[in-house]
Each structure stands twice: as structure tokens, then as C-alpha cells.
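Same order as they appear, the protein sequences are chains A and B. If you're matching positions, the first sequence starts at 146 in the working numbering and goes up one per residue. If you're matching positions, the second sequence starts at 146 in the working numbering and goes up one per residue. Below is one structure, written out as C-alpha cells, with a few remarks after it.
2 protein chains.
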Amino acid sequence: MTPLKTSTGRRPVVLIIGAGFGGLFAARSLAGTAVDVILIDRHNYHTFTPLLYQVATAGLDPSHIAYPVRAIFRRDKNVRFLMGEVEAIDTAAREVTVRANGDAHRLQYDALIAAAGSVTHYFGLEQTARHAFGLKELSEAVILRNHILKQFEQAAWSDDPAYREASTTLVVVGGGPTGIETAGALLELSRHVLQNEFTGATGSLRPRVILVEASDRLLASYPVRLQEAARRQLQSLGVEVILGEPVEQADGERLLLKGGQIIPTRTVIWSAGVRASPLAAMLGVPLTPAGRVPVRPTLEVAGLPDVYAVGDMAYVQDGQGDRYPMNIPVAEQQGTLAARNILRRLASRPQESFRYHDRGIMATIGRQRAVAWLYNRVPLSGYPAWLTWLVMHLLWLMGFRNRISVLVNWVWNYLTYDRSARIILEHGGLRRRAEHDALLPPERTVAPEHELEIARR
Amino acid sequence: MTPLKTSTGRRPVVLIIGAGFGGLFAARSLAGTAVDVILIDRHNYHTFTPLLYQVATAGLDPSHIAYPVRAIFRRDKNVRFLMGEVEAIDTAAREVTVRANGDAHRLQYDALIAAAGSVTHYFGLEQTARHAFGLKELSEAVILRNHILKQFEQAAWSDDPAYREASTTLVVVGGGPTGIETAGALLELSRHVLQNEFTGATGSLRPRVILVEASDRLLASYPVRLQEAARRQLQSLGVEVILGEPVEQADGERLLLKGGQIIPTRTVIWSAGVRASPLAAMLGVPLTPAGRVPVRPTLEVAGLPDVYAVGDMAYVQDGQGDRYPMNIPVAEQQGTLAARNILRRLASRPQESFRYHDRGIMATIGRQRAVAWLYNRVPLSGYPAWLTWLVMHLLWLMGFRNRISVLVNWVWNYLTYDRSARIILEHGGLRRRAEHDALLPPERTVAPEHELEIARR
Chain A
146 MTPLKTSTGR RPVVLIIGAG FGGLFAARSL AGTAVDVILI DRHNYHTFTP
196 LLYQVATAGL DPSHIAYPVR AIFRRDKNVR FLMGEVEAID TAAREVTVRA
246 NGDAHRLQYD ALIAAAGSVT HYFGLEQTAR HAFGLKELSE AVILRNHILK
296 QFEQAAWSDD PAYREASTTL VVVGGGPTGI ETAGALLELS RHVLQNEFTG
346 ATGSLRPRVI LVEASDRLLA SYPVRLQEAA RRQLQSLGVE VILGEPVEQA
396 DGERLLLKGG QIIPTRTVIW SAGVRASPLA AMLGVPLTPA GRVPVRPTLE
446 VAGLPDVYAV GDMAYVQDGQ GDRYPMNIPV AEQQGTLAAR NILRRLASRP
496 QESFRYHDRG IMATIGRQRA VAWLYNRVPL SGYPAWLTWL VMHLLWLMGF
546 RNRISVLVNW VWNYLTYDRS ARIILEHGGL RRRAEHDALL PPERTVAPEH
596 ELEIARR
Chain B
146 MTPLKTSTGR RPVVLIIGAG FGGLFAARSL AGTAVDVILI DRHNYHTFTP
196 LLYQVATAGL DPSHIAYPVR AIFRRDKNVR FLMGEVEAID TAAREVTVRA
246 NGDAHRLQYD ALIAAAGSVT HYFGLEQTAR HAFGLKELSE AVILRNHILK
296 QFEQAAWSDD PAYREASTTL VVVGGGPTGI ETAGALLELS RHVLQNEFTG
346 ATGSLRPRVI LVEASDRLLA SYPVRLQEAA RRQLQSLGVE VILGEPVEQA
396 DGERLLLKGG QIIPTRTVIW SAGVRASPLA AMLGVPLTPA GRVPVRPTLE
446 VAGLPDVYAV GDMAYVQDGQ GDRYPMNIPV AEQQGTLAAR NILRRLASRP
496 QESFRYHDRG IMATIGRQRA VAWLYNRVPL SGYPAWLTWL VMHLLWLMGF
546 RNRISVLVNW VWNYLTYDRS ARIILEHGGL RRRAEHDALL PPERTVAPEH
596 ELEIARR
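In C-alpha cells form, the structure reads like this:
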């Protein structure tokens, strides 16, 4: 319980890695206090991950669920944001190396909060990892949206029923909340929006959405009654639910299940598991099988007194068998506690232990379909659960403008079955159009009298 | 004036290349008539190009100005959209080759409307073409937005004043409407939004926006009084205006002007010229110096009786010295006329000649700043011109939802000086996160009693 070193003789520096929910809440708790906060993230925005699947299914724009970190801390003089990728952590020298502008920058800290979150876990299925789509990052949501829309556009060219079936069969692996929400949204996009627009000379398309779960029930952490309600609601929407079937492999053209079933599809969305961010390994301590950093109940990393880990990255060993889910409320509450424990240490006061205040869990399935398990006591399903989900998420979303915009989108989508964000926007290949234009064929030329080359509107 | 051949014995097929304003208005005019329309575009959306600069400056989301083509023609049974890249046009065989799904598809037509628009023209400045940013496509707007925001994030790491100056100096080349609007929006983004968020330990940034024009006046097609008003309004906003200075070269680190002046900048936006789409060359007829297709006043391509060209691609030779600007109203009116002339020919009625109904021109400069030249008679500048611009563009935007969304954004941006869309969203390098995760360092492992690897919220 040594006080923090203030190496420069100035205010102690708290370095936070990750601007997800854990890092954000830590930085907020430290805003306006007597420390200097440096917040690092690979992106210049915080991602509201619970709605990633709505970006992937063209219901929301990326910026609806991404909020610039600098805007969040605009008025907090002691919080400094820097965009960059952490390359190394030297806990002995209290130094983090961050790559930005192509250079490696070394940053000193007095206390470190590691809050880098989690990544998709494919459980060693390497081929599947190459061909399936993850849904943990904003860029992945846009990539998936582009991919799905392109599948339908390509199907419109084809007279081959097998090709068209593989193009318009969308499979979600994993029956947790993310898998369920994604499957429901995919059904609504493909059946209520795209199917109507792809009639014509090629014949109509018959999109299918299939949810595959390895265990014999959906939503493992919910009571059985709500698990059943979720399955019924998914099926009433039109989603085909396959239970008790682990995935053998996906190869980009078909999905093979352990039981032998083969589903022709080019779109497999992997929501079956997560593991801690690879950044956890940079701390140099032994990790759990899912790559998480074992921490004390005070969220200190064992053996590293100035380092805290929070959120999906952290595994709390409290000796009582308690396990906290890798979810947002845990990350938020842990981020807040880590910040407070650092301030307590500065004031030579004792560290506090983490206690999770669980307000319950909920998942939406589609219009007027949802399940909720409030305070782990009140079960809701159908319309009441859906309304609760809607209001909670609107209140939760950061920033007034985003909330209004999202509301406008949701009301519009609800009334019209429209998905205005369904644009295929790619900019990976050509840096700009000029590179394409450089490949023009030579032209024969005839000169008219006068010609305005300047663009005018 | 031969009637169209209906090769299959079915309804005549009108093939339209390009879903810009020309192609869209042509397809709309043919919707519900006795022809089958095939509309081809590289993208699955129509781009509302007048607001591209607002996406590039983080004021609007991409989907605000992009509307799925299939949604536009959802109710028109005789209009079929296909996404693909045109590779070849065989006017003798009446056949267009389109690449999609990696295959080349050949489409027969009875009449063809070429409406592929224009691309950025660098007038042979090859190095500049590689380093400057064009602003003709939605992907270019997103690339430019990402680039500008990254420049500021990188400047935040640097203690070198020269590096920071080059990062935060934004130069627009070309004093036409696009250049002026872009310069004004860049000034508002960099000075009113970003500058406030980049204070801190590195010292504050001093963004500059410079507009460079080769001739000695802005807005060549406006009356002198409005040219002067535009310059004054830009300067009152804070934009540095350099007139009479052609560009020598941009190399990615600095911009060199013909007069010898060197501006250190990594951000040069090229709005100085456009040329016809390279697709024009596929018609196999002699083109104008700017690559445009010479057409008769009826919009028929000389020597190709079943081919029409409209919009930026087309150069109308009417023998009276009339030159139509490369702008949206001309494209819309020509698209409509080409469609009508095809229907007239089918009915063995005479072709009509193009006459441009000019309702005037306008350009916005920033909040409460604009110039307008209504019906080439009524000059407006300042607040009245800005209000006119605002109302006209809201009415003009396609689709109810986009209009509401854009309005919400504009009101919010106006009241708060906020730019919520300022996220750096790239997905070019890694196809998905898994490819990154595959590069993880090996981990040491310690097994805790129980661990949930399934994502739960």
C-alpha cells in the first residue's frame, strides 16, 4: 500500500489503456481530481458495442454508436487523450510504449489501468476464424454490412439456385445475447427489406437466417422460462434455431456442423465466444485460459502494485468462487473502482474490494420481441421487455445528439421497415479515385470551340 | 429515326449506365412505361454529391447523402438495378459487358443511356494526383475525413512546431463552388471544433485553412459583386484566400505554387477541375479534350443512333456556341430528355432538342454565409443566401428519412458547433480482427476454478 510515486515532482500520472466502458468510467472518475490522466485508444472514438449489430444490419450509422473521446472529455482539463496502439508495457520502469505517426512513443506512469477489453474467440478453429465474421469492433460491423449487401447484389446476377441460396443464407453462431440480437436483426433486414427489393427477372430471393448454438439452450445465464421465450420469439420471427450442434468448420462457402449437417452459406457471424485482448500478455503475468489477467478483489494485478486491470480483461479472484460476467456493467463498475482505489492510495487510505451491483440482463430479438431478467428477479418477455430495452438503451447512449439521431432512425425503421444505412461503402483498395483514373485507356480527341473544364454547379 | 429493335420479341430494353443524377432521372422518366429498364452502377447507392464536403468535414454521416438505388425504385416493376463495373461497350452488337461476382456478364440493349458522370481532373500533375485528395465519391469523402482527423491526432503527439503546422494546415485548390464550400466547412471544423479539443500538454494547435485559386477571382460563373462577397465572407470566417496562383506540385508534405510560395501541408484537396468518366472512351467515338462525348442537341451520340449520353459525360454540340455547365440540373434535365426521346422514337415521333432551364446557382460558405444567383438575375449574399441554400437542399435531398436526419444533424451542429461524425473509421488493412489476433504473442497460462468464455452481457 505504498503511495504513488510522482516521478516528475508534478501531479501523479494515471495512464489508462482503452476507451471502452471500463477505461471511460475510470477516466470520468478521475476527471477533476488531483491526478493527470492519459487515456490511450487505437481509435479516436468510444464504441457503444451493444448496438454494433444494428450497424451490421444497416439500421444505424457508424457514428450513431461511436462518440469521439475528445468530445467526452472536452471540459476536463486533467484528462488527455492520445490515439495510438500500445506496443509494450514495462511494469518495472512504469513505462508504456505506444505506436503513433509510425514512431514509438514512451509514456511514464505512476499508476496504470489496463482496460483493453476482449476480442472474438474462435477456440482454435483457424479456418473458421479466417472466414467467419466477428462483431466486436465498429469496422467489423461495417465490413459485415458491406458483405451481406454484396451477397444480395451478387445473387441478383445469378440464375443458379445453389449460388443464390448460399448468398442469401445468413448464419449466426452462438446463442448468447449478441447472437440472438444479431439473428433477429438479420431476419428483419433480409426478409422485410431486402427480399422486397430483389424481385425481378432473376426470380425472387428466399433469404434464410439460422442461429446455431452448441449447447441445448439459448441465453445460458437466463432462467429457463426466458430461454424458452427467446427461442419461441426467434422462431415466430422466422429464424431457424439449431440447438446442441457445435460447429466443425466454416470455409467461406459452407458451414459444417459437428453432427454432419452442411449449410451452404458465405456468411457466418461468430458470436460464440470472446477472449481477453492480446494486450493482457504485455503485463508479463500468468493469464487465465481465456487470456484474462488475474486480479485481486481490489482490481490490483497480483505482483504489480501500481497496475490495475478492469473489465473483460480482468479475472477477479476473490476466493469465494464468484465469477463476474464479461459485460458492460461490470466493466463500468470496475473502471470506477480502480480509479477510486488509486485516489485512495494517494490519500494513504485502504483499498476497497469489488462488489458487483447487478441490475439484470436483457436482449432484444426484433420488433416487439425481447427478454429481460431485471435485477435477476423480474422476468419480462415480448412487448414489455422490448419497450424496457428501448428506453434503457436510449437513456444509456452517450451524447444528446446521438440519442436523438438514433431515436429518429428507430422510429423511421419501425414505421417503414426501411434500413437507410444499407450502403456498400468500401475504401480499402484504392486510396483515392485518381489511382483508378490513372489506368484510363488513351483517348482520341477532337477539339470543340470552347469547353469549360472547371466544375460548376 | 428508326424505331428501337426489340430483339427478344419482348419489351425494348433501355440500359442506363450510372445512377447519378442523370441516370436516376432517366430511369425515373422510364418507370411505368412500356420499356424494361436496366440501371447499372458501381455502387448500390445514389450519392447526393452537393453535400460530399459535409461528410468529409464530419458534419454528416455517409448514409445521409447516400440512398440505396433499389429503395428508390422499389415500386417500379419495370426498373431493374444491377450493381457492377462496366468493362466494355459494343455499340455494334448492342451489348455492354459488366463485371460482377468476379465474372463478366454481357447485357443486350435496345437503347443505351451513358450517364457515368465525371472524375477529378489533375491536368497532368501526376505527383499532385497521387498526393492530393479528390472529392467526387462517397469513399473519397470518408478517406478525407479520416485523413484530416488523423492529422490532428498525430499533431497531438508531436512537440515539433513544424510538424504540427503541416498537420493542421488544410489547403483547398480551386475557387469554384465545391472549393469554397469545402474551405468554409474545413474552417469551421478545424477552428470551432478540433482546436478546442486539442489543448493540453502539447500546447494548443493553430489550424489554418487556405484556398488557392489559379485565376484572379472566385466563382468564375457568378457576377463580380457575388465573387467579391464570397471572398469577403470566406476571409471573415478565417479562410486565407490566395488568388492568381496556379499550383506547381503537391508532394504530400508541402504544396508548391507557381509563384514560388511553399505551403507546408499534408492535406491538399483538389477541387480545381473535372473530366468525363473514363467510361466515355468505351463508346469508341472521338472525345473532347476533357474526355466528354460529343452529342447532338437531341443527346444522341453522333454516329450511334441507339446511344444517348447525358450529364457531365456529354458535350452538346448545338452549333450556336451554347455550353452547358457540368452541374446537377443539366444532368437531371438531360437524363429526363434522353428517356423521353427514346420513348418518342419508339412511338415514331420526332426527337426533341435539349434546352436548359437554368434556375440559378448558389454556394454556401459557412454558418450564415453564402452566395446565390437565382435565375441568373437575383443576387443574394450572406444570411438570406444561406437560408435559401438550406431550404433548397433540404427539399432536394432524396427520401424523407434522410431529410429529417440531415435536419437534426444540421440543427445540432449549428447550435453546438459539434461534429458528431468525426470518427476515424478505417477497414482497409485487416479484413477482420481475427487476422490481427492471429499475431498474438504466446501466453503463459494458469487455470482458475471456473471461467465463462461465452460472452454475456
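By construction, the Cβ of each residue, glycine as well, lies at the ideal position given by its N, Cα and C atoms.
Can you give the Cα-Cα distance for Lys295 of chain B and Ile569 of chain B, rounded to whole angstroms?
The straight-line gap from Cα to Cα measures roughly 7 angstroms.
Check the Cβ-Cβ distances between Phe499 of chain A and every residue of chain B, and say whether any is below 9 angstroms.
No, Phe499 of chain A lies away from the interface with chain B (no Cβ there is under 9 angstroms from its Cβ).
So Tyr460 of chain A packs on Asn486 of chain A, CB below 8 angstroms; how close in whole Å?
Cβ-Cβ separation between Tyr460 of chain A and Asn486 of chain A: approximately 17 angstroms, too far for a contact (criterion under 8 angstroms).
Please classify Asp451 of chain A: is it buried, with 16 or more other beta-carbons within 10 angstroms of its beta-carbon, or exposed?
It counts as buried.
What does His191 of chain A pair with, by DSSP beta-bridge criteria?
Answer is A:Tyr212, bridged to His191 of chain A.
Can you grab the Cα-Cα spacing for the pair Arg512 of chain B / Thr202 of chain B, in whole Å?
Annotation: Arg512 of chain B to Thr202 of chain B spans about 14 angstroms, alpha carbon to alpha carbon.
Report the neighbours of Asn189 of chain B on chain A: residues whose CB is nearer than 7 angstroms to its CB, in chain order.
Here the neighbours are Leu294, Glu298, Ile568, Ile569.
With a threshold of 9 angstroms between beta carbons, is Pro531 of chain B in contact with chain A?
Per the sequence presented here, residue 531 of chain B reads as Trp, with Pro not at that position. For Trp531 of chain B, no CB of chain A lies under 9 angstroms from its own CB, so it is not counted at the interface with that chain.
Let me know the secondary structure DSSP gives Glu385 of chain B once reduced to three states.
Glu385 of chain B falls in the strand class under three-state DSSP.
Can you check whether the C-beta of Tyr537 of chain A is within less than 9 angstroms of a C-beta belonging to chain B?
According to the sequence provided, residue 537 of chain A is Met. The question's Tyr does not apply to it. Between Met537 of chain A and chain B, the shortest Cβ-Cβ separation is not below 9 angstroms.
Could you tell me which chain B residues have their CB closer than 7 angstroms to the CB of Leu227 of chain A, listed as they occur along the chain?
Near Leu227 of chain A (Cβ distances below 7 angstroms), the residues of chain B are Ala301, Trp302.
At least one CB of chain A closer than 9 angstroms to the CB of Pro213 of chain B: is that the case?
Among the residues facing chain A, Pro213 of chain B is included, as its CB has a counterpart in that chain under 9 angstroms away.
Quick one: what's got a C-beta closer than 7 angstroms to Arg309 of chain A's C-beta in the same chain, skipping five residues either side?
These residues qualify, in order along the chain: Ala300, Ser303, Leu350.
Nearest-angstrom beta carbon gap, Leu160 of chain B and Tyr267 of chain B [assumed within contact, 8 angstroms]
About 31 angstroms separates the two Cβ atoms, so there is no contact after all.
Give the range of the beta strand (DSSP E) segment to which Thr136 of chain A is assigned.
Outside the shown range of chain A, which is 146 to 602, sits residue 136 of chain A, and nothing can be said about it.
Does the distance from the C-beta atom of Glu497 of chain B to that of Leu482 of chain B stay below 9 angstroms?
Contact: yes.
Mapping the DSSP letters down to three states, classify Phe343 of chain A as helix, strand or coil.
Phe343 of chain A: coil per DSSP, three-state reduction.
Cutoff 8 angstroms; reference Thr192 of chain B; Cβ partners in own chain excluding five residues on either side
Scanning its chain for C-beta atoms nearer than 8 angstroms, with the 5 sequence neighbours on each side dropped, one finds around Thr192 of chain B the residues Gly165, Ile210, Ala211, Glu282, Leu283, in chain order.
Can you grab the Cα-Cα spacing for the pair Glu326 of chain B / Glu232 of chain A, in whole Å?
Between Glu326 of chain B and Glu232 of chain A, the C-alpha separation is close to 41 angstroms.
Which residue spans inside the segment 265 to 317 of chain B form an unbroken alpha helix (DSSP H) run of at least 4?
Counting only runs of 4 or more, we get 271 to 276, 283 to 300, 306 to 313.
Just reading off the beta strand (DSSP E) that Val224 of chain B is part of, what are its end residues?
For Val224 of chain B, the uninterrupted beta strand (DSSP E) run begins and ends at 224 to 228, by DSSP.
Sequence-distant residues of its chain with Cβ nearer than 8 angstroms to Arg399 of chain A (five each side left out):
So the list reads Ala311, Ile407, Ile408, Pro409, Thr410, once near-sequence residues are dropped.
One question on the structure: do Met427 of chain B and Ile185 of chain B come within less than 9 angstroms of each other, judged by their Cβ atoms?
In this structure, Met427 of chain B keeps its C-beta atom at 9 angstroms or more from the C-beta atom of Ile185 of chain B.
Which value, in whole angstroms, describes the spacing of the CA atoms of Pro529 of chain A and Gln378 of chain A?
Distance between Pro529 of chain A and Gln378 of chain A, taken at the CA atoms: about 13 angstroms.
Which same chain residues end up closer than 7 angstroms to Ala179 of chain A when comparing Cβ atoms and leaving out the 5 residues on each side of it in sequence?
Excluding residues within five positions, the ones whose Cβ falls inside 7 angstroms are Arg156.
Contact residues within the segment 243 to 267 of chain A, judged by C-beta distance below 7 angstroms to chain B
Hits within the stretch, in order: Ala245, Asn246, His250, Val264, Thr265, His266, Tyr267.
Going by DSSP, what residue range makes up the alpha helix (DSSP H) through Thr533 of chain A?
First-last of the alpha helix (DSSP H) with Thr533 of chain A: 528 to 541.
What residue range is occupied by the uninterrupted alpha helix (DSSP H) comprising Ile325 of chain A?
Membership of Ile325 of chain A in the alpha helix (DSSP H) is indicated by the continuous run 322 to 332.
Can you tell me whether Leu364 of chain A is helix, strand or coil according to DSSP?
Note: Leu364 of chain A maps to coil in three-state DSSP.
What are the residues that DSSP puts in a beta bridge with Pro524 of chain A?
Beta-bridge pairing links Pro524 of chain A to A:Trp518.
Strictly below 8 angstroms CB to CB, what residues from chain B border Ala459 of chain A?
Against chain B, the beta carbon of Ala459 of chain A has no neighbour under 8 angstroms; the closest one sits roughly 12 angstroms away.
Selection of the segment 200 to 212 of chain B by Cβ proximity to chain A, strictly under 7 angstroms:
Cβ contacts with chain A: Asp206, Pro207, Ser208, Ala211.
Any idea if Trp415 of chain B is buried or exposed, counting beta-carbon neighbours within 10 angstroms, 16 or more meaning buried?
Flag for Trp415 of chain B reads buried.
Straight-line CA distance for Ala447 of chain B to Phe499 of chain B?
Linking Ala447 of chain B to Phe499 of chain B through their CA atoms gives a straight-line distance of about 15 angstroms.
Rounded to whole angstroms, how far is the Cβ of Glu342 of chain A from the Cβ of Arg220 of chain B, which I believe are closer than 8 angstroms?
Not really, about 10 angstroms apart at Cβ, beyond 8 angstroms.
Beta-carbon gap between Phe297 of chain B and Leu339 of chain B smaller than 9 angstroms
Result yes, Cβ atoms of Phe297 of chain B and Leu339 of chain B sit closer than 9 angstroms.
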